[in-house]
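Colleague:
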């Protein structure tokens, strides 16, 4: 199950059902019921997809070590957040920490797409927008050109002595 989907669901559900006393008395609830329903729906579909991944044969495909490391760090961070918030009942702090973890996971998820975008941008610039100018080659390789390599910018029509 995607960590970010679980965190979104927890965040939206906790904000939706937070008691409206004290500092939240005059404020609007920033999450509607359909937001919670959408997040819950996403988590259930992700769980179903993971169930299918678990039961069907994957052949020789394996999860990469980098992926295992990222998921392990995310779960470790989530456990630390829970153990910090549990004694003091700081649920809004816990939800905020989960939100931060969600942003980090989303950033990691989209980094390959950004990299591909910049590669494509470079290719378009290099080959389409600013291609290298083609130089005319002399038909005879032994012929030496009489044109100077650099032209003077001060006197373009006069020869310098």
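In UniProt numbering, the protein residues as written are 1 to 161. For glycine and all other residues, C-beta sits at the position ideal for the given N, C-alpha and C.
#1: Helix, strand or coil for residue 87? Go by DSSP, reduced to three states.
#2: Does at least one heavy atom of the ligand PLP sit under 7 angstroms from the Cβ of residue 101?
#3: Is the Cβ-Cβ distance between residue 122 and residue 98 less than 8 angstroms?
#4: Report the three-state DSSP secondary structure of residue 109 (helix, strand or coil).
#5: DSSP three-state call for residue 127: helix, strand or coil?
#6: Residue 70 and residue 108: beta carbons closer than 8 angstroms?
#7: By the 10 Å Cβ neighbour count, where 16 or more other Cβ atoms means buried, how is residue 39 classified, buried or exposed?
#8: Would you kindly report the start and end of the unbroken alpha helix (DSSP H) that includes residue 34?
#9: Given that a residue counts as buried once 16 or more other Cβ atoms are within 10 Å of its Cβ, and exposed if not, what is residue 94?
#10: Which of helix, strand or coil does DSSP assign to residue 64?
#11: Below 8 angstroms on the Cβ atoms is my guess for residue 78 versus residue 105; work out the distance and round it to an integer in Å.
#12: Can you grab the Cα-Cα spacing for the pair residue 32 / residue 55, in whole Å?
#13: Is it buried or exposed for residue 36, if we count other Cβ within 10 angstroms and need 16 for buried?
Modeller: Reading from the atomic positions:
#1: Position 87 of the chain shown, counting from 1, holds the residue named residue 87. Looking at residue 87 - three-state DSSP - the assignment turns out to be helix.
#2: Judged by which ligands are present, the structure shown has none, so any question about the ligand PLP falls away.
#3: In the chain shown, residue 122 corresponds to position 122, counting from 1. In the chain shown, residue 98 corresponds to position 98, counting from 1. No, these two residues do not count as a Cβ contact at 8 angstroms.
#4: To locate residue 109, count along the chain shown from 1; it is residue 109. Residue 109 falls in the helix class under three-state DSSP.
#5: Here residue 127 corresponds to residue number 127 of the chain shown, with the count starting at 1. Of the three classes helix, strand and coil, the one that applies to residue 127 here is helix, per DSSP.
#6: Taking the first residue of the chain shown as 1, we reach residue 70 at position 70. Taking the first residue of the chain shown as 1, we reach residue 108 at position 108. Yes, the Cβ-Cβ distance between residue 70 and residue 108 is below 8 angstroms.
#7: Counting from one through the chain shown, the residue named residue 39 turns up at place 39. Result: buried.
#8: Your numbering for residue 34 matches position 34 in the chain shown. That run of the alpha helix (DSSP H) goes 33-55.
#9: To locate residue 94, count along the chain shown from 1; it is residue 94. Buried: at least 16 other Cβ atoms inside 10 Å.
#10: In the chain shown, counting from the first residue as 1, residue 64 sits at position 64. Residue state, collapsed to three classes: coil.
#11: Against the chain shown, residue 78 aligns to sequence position 78. Against the chain shown, residue 105 aligns to sequence position 105. Here residue 78 is actually not in contact with residue 105; their C-beta atoms are around 11 angstroms apart, not less than 8 angstroms.
#12: Residue mapping note: residue 32 aligns to position 32 of the chain shown, counting from 1. Residue mapping note: residue 55 aligns to position 55 of the chain shown, counting from 1. In a straight line, the C-alpha of residue 32 is about 36 angstroms away from that of residue 55.
#13: Taking the chain shown and counting its residues from 1, the one referred to as residue 36 is at position 36. Buried is the call here.
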